[in-house]
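Just below is one structure, and these are the notes that go with it.
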Amino acid sequence: MTDHFSIRLATQEDAALLPQLEDDAGSLFATMPLDFLQRLPAEIPFGDVAFYHQRIAQQLCWVAQRHASKGQSPQVVGVICADWVLEDKAYYIAELSVAPLAQGQGIGRALVSHMQCFAKEKGVDLTLTTFREVPWNAPFYRSCGFVELSAPVITPFLEERLSEQASHGFLRDDRCAMRWSFATSI
Ligand SMILES: CC(C)(COP(=O)(O)OP(=O)(O)OC[C@H]1O[C@@H](n2cnc3c(N)ncnc32)[C@H](O)[C@@H]1OP(=O)(O)O)[C@@H](O)C(=O)NCCC(=O)NCCS
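Note that our numbering has the sequence shown beginning at 6, numbered continuously upward.
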């Protein structure tokens, strides 16, 4: 908890808001250089409500909620959710988004830190796939203690995620897989 937001498990009532939050958060990519934007697929897949319902039911989805202030009700401004991957002995971070007006205030870092505490309590690692060069992707995760994986340590599950993303039109070289070890101090 900080002075302006707190993190809690998402409820099924939150699910309806989350695809729009994810879509809005993605507008930050428009600030990337043109040559990067030209490499993106025309249609970028977003999580639908069912995607969130599933992770919420598994208690693997958390939201950041801005506290009520000046007559405004509390508002969900960020989300992180994960999948348990038994063969990797790790939670795979399937989504992390912060609403545009709430970005740059430490909420994304707090959501990752929350997920790291959760994984550490369970004694397992975290993994994800992301853009290698986008400042708020791999460089940000690196600053949270994640390391980029390269063959042969990319697991079949992560290799499958990268191939799936390539099949949606993302350039394989633009994407990378990363892992955070629970044994690392946070
Ligand atoms: C990634 C994301 C969730 C970060 O949320 P956030 O609340 O804005 O992040 P924070 O304020 O905690 O900042 C975390 C770090 O990200 C980086 N970062 C965030 N916004 C940035 C920007 N506009 N430009 C460059 N770096 C940025 C910085 O390294 C920052 O650390 P610092 O503040 O110590 O310098 C948010 O940018 C987002 O929703 N992006 C679109 C979706 C996305 O890329 N999700 C991750 C997919 S793998």
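We put the beta carbon where it would ideally sit given N, CA and C, even for glycine. All of these numbers come straight from a predicted model, not from anything done at the bench.
- With a beta-carbon spacing of about 5 Å, F51 and E27 fall inside the 8 Å limit used to define contacts.
- A residue is called buried once 16 or more other Cβ atoms fall within 10 Å of its Cβ, and Q77, having fewer, is exposed.
- Between R114 and C149 the beta-carbon gap is near 7 Å, inside 8 Å, which marks them as a contact.
- Considering only G111, D178, K75 and R177, the residue with the shortest C-alpha distance to W141 is G111.
- For S148, the secondary structure class from DSSP, reduced to helix, strand or coil, is helix.
- At a threshold of 7 Å, T132 does not count as near ligand 1, since its beta carbon sits no closer than that to any of the ligand's heavy atoms.
- Between the segment 87 to 95 and the segment 41 to 57 there are fewer than three C-beta pairs closer than 8 Å, too few to call the two in contact.
- In the structure shown, V84 falls within a strand segment according to DSSP collapsed to helix, strand and coil.
- Here DSSP, grouped into helix, strand and coil, assigns F175 to coil.
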